[in-house]
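Trainee: According to my numbering, the sequence shown is numbered sequentially starting from 3. Glycine is no exception: its CB is placed at the ideal position from the N, C-alpha and C atoms.
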Amino acid sequence: MEDKVKLTREYHVHSVYSRNNHGKSTIEEIVQEARAKKLKTISITDHGPGHLMYGIKRKLIPVQREEIDRLKEKYDDIEILMGVEANVIGYDGEIDIREEEKKYFDFINLGFHDGVRFVDKKSFYNYHVLKRMSWMGQSVRKKMIDLNTNTMVKALENNDIFIITHPGDKIDVDIEKIAQTCEKTNTVMEINNHHPHLSVEEIKISSHYNVKFSLGSDAHHRKNIANVNDSIKRVIESGLDISRIINID
């Protein structure tokens, strides 16, 4: 089965617009690599501007849009999309993409990340301090998971999110409740190749709900585009019906 699964649409790739050498390849290099690998769709999804280390600069969002539009004209044999991997920045469900910026993106992905600028001290405490206190006992850990889960639920309900990236990776959440929400909001759940989430068990839990899945390379260099071998192995082990994966043929 592993040999029969072919990624044809890539929805999670970082370019040099992800700051501080986080993304290693230019957008044109990424497009050229995607064409060489016979992809039908390639998406640029740099970190949202709320990430202190790696986020795209806000002033460069329209610049990136213009560059992608130019490349769409140059390479008309592949679909080139401009997305973003937005960050949760507040525990009332705030994300780091402003309303006036949404027009630039073809879609918005969303995930929890370390290193973001939170909107208030409460959110900083909930993310960083509770995570480090969770070893103290089950009650603290449950509080942390409930807060994280409810925050992501609010973010998904209040924004049009295409894919939730590596759910459960940076901070613990209740995967079942996240899947329930994704079913309601029509949000795709990512099986990330760069990170171990969704895990096999998380795929099994999520598959009980009417949600779709995507395989994401989370490539930071063009050579890793469409590399989803680990994701495929998890899919096979979980027994997931591959017809539920949106970006394979």
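#1: Kindly provide the ranges of any beta strand (DSSP E) runs that are 3 or more residues long and lie completely inside the segment 193 to 230, ordered along the chain.
#2: What's the call for N194, buried or exposed, on a 16-neighbour Cβ count within 10 Å?
#3: If we ignore side chains and look at the alpha-carbon of each, how far apart do V237 and S201 end up?
#4: Please name the residue, chosen from E101, V230 and F114, that lies closest to H196 on a Cα-to-Cα basis.
#5: Only counting the same chain, and skipping five residues up and downstream in sequence, which positions put a Cβ closer than 6 Å to that of T28?
#6: What does a CB cutoff of less than 6 Å around E35 pick up in its chain, not counting 5 residues either side in sequence?
#7: Ordered along the chain, which non-local residues of its own chain (more than five positions away) have a Cβ less than 6 Å from that of A221?
#8: Please tell me whether Y77 and R37 are closer than 8 Å, where the distance is taken between their beta carbons.
#9: Using only the heavy atoms of the ligand HEM, determine whether one of them is closer than 7 Å to the beta carbon of Y129.
#10: Can you tell me whether DSSP reads H130 as helix, strand or coil?
#11: Is it the case that the segment 90 to 106 contacts the segment 130 to 145, given that we only count it when at least three CB pairs across the two stretches are under 8 Å?
#12: Give me the Cα-Cα distance between S20 and S216, rounded to the nearest whole angstrom.
#13: Per DSSP, what kind of secondary structure is L149 in: helix, strand or coil?
#14: What distance in whole Å lies between the Cβ atoms of I166 and L112, which are believed to be in contact at a cut-off of 8 Å?
#15: Where do the ends of the alpha helix (DSSP H) carrying E178 lie?
#16: Start and end of the alpha helix (DSSP H) containing E30?
#17: With DSSP collapsed to three states, give me the class of R21.
#18: Rounded to a whole number of angstroms, what is the C-alpha to C-alpha distance between K74 and E101?
Mentor: If we stick to the structure as given:
#1: 215 to 218
#2: Translated into the one-based positions of the sequence shown, residue 194 becomes position 192. Buried, because 16 or more other Cβ atoms sit within 10 Å of the Cβ of N194.
#3: As a first step, residue 237 is located in the sequence shown; it is residue number 235 there, counting from the start. As a first step, residue 201 is located in the sequence shown; it is residue number 199 there, counting from the start. Approximately 9 Å, taken between the alpha carbons.
#4: Reading the sequence shown from its first residue, position 194 is the one you call residue 196. Out of E101, V230 and F114, V230 has the C-alpha closest to the C-alpha of H196.
#5: The residue you call residue 28 lines up with position 26 of the sequence shown. Cβ within range, chain order: V18.
#6: Residue mapping note: residue 35 aligns to position 33 of the sequence shown, counting from 1. The residues are R224 and I227.
#7: Residue numbering aside, residue 221 sits at position 219 when the sequence shown is read from its first letter. Hits under 6 Å: V15 and I227.
#8: Taking the first residue of the sequence shown as 1, we reach residue 77 at position 75. Taking the first residue of the sequence shown as 1, we reach residue 37 at position 35. In contact: Y77 and R37 (Cβ atoms closer than 8 Å).
#9: The model depicted lacks the ligand HEM and carries no ligand whatsoever.
#10: For the purposes of this step, residue 130 is identified with residue 128 of the sequence shown, where counting begins at 1. Of the three classes helix, strand and coil, the one that applies to H130 here is helix, per DSSP.
#11: no
#12: Translated into the one-based positions of the sequence shown, residue 20 becomes position 18. Translated into the one-based positions of the sequence shown, residue 216 becomes position 214. Rounded to the nearest angstrom, the two C-alpha atoms are 22 Å apart.
#13: For the purposes of this step, residue 149 is taken as the residue at position 147 of the sequence shown. Three-state result, L149: helix.
#14: Taking the first residue of the sequence shown as 1, we reach residue 112 at position 110. Taking the first residue of the sequence shown as 1, we reach residue 166 at position 164. L112 to I166, Cβ: 6 Å. Contact.
#15: Taking the sequence shown and counting its residues from 1, the one referred to as residue 178 is at position 176. Its alpha helix (DSSP H) spans residues I177 to T187.
#16: The residue labelled residue 30 in the question sits at position 28 within the sequence shown. Taken as a continuous stretch (DSSP letters only), the alpha helix (DSSP H) holding E30 covers I29 to A38.
#17: Taking the sequence shown and counting its residues from 1, one reaches residue 21 at position 19. It is coil, neither helix nor strand.
#18: Locating residue 74 in the sequence shown gives position 72, where the first residue counts as 1. Locating residue 101 in the sequence shown gives position 99, where the first residue counts as 1. One C-alpha to the other measures close to 25 Å.
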